[in-house]
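The sequence shown begins at 1479 in this note's numbering and counts up by one. Below is one structure, written out as structure tokens; the observations come after it.
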Amino acid sequence: MYRGVLLINSGTWQKQTPFQASVGLSPTPGLAVLVNLKTFKVYYHDFKTEN
């Protein structure tokens, strides 16, 4: 939560860009964070692995 707003990260699907590399950011593409909006329980789903 940030100022009462639930945030969404669309960068889940993006590989590291040149800008991210230049500032030392290491994204984790394919790893999604899911939130149950009734309970606010957080789940993670790794789309890189086959289920």
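Every residue, glycine too, gets a C-beta built ideally from N, C-alpha and C.
Check	Outcome
Check whether Ala1510 and Thr1490 have beta carbons under 8 Å apart	yes
8 Å contact criterion, which Leu1512 and His1523 should meet: CB distance rounded	6 Å
Cβ shell of Val1520 (< 6 Å), same chain only, five flanking positions each side left out	Val1513
Extent of the continuous alpha helix (DSSP H) run through Ser1504	Segment: none, Ser1504 is in no alpha helix (DSSP H) and carries neither H nor E.
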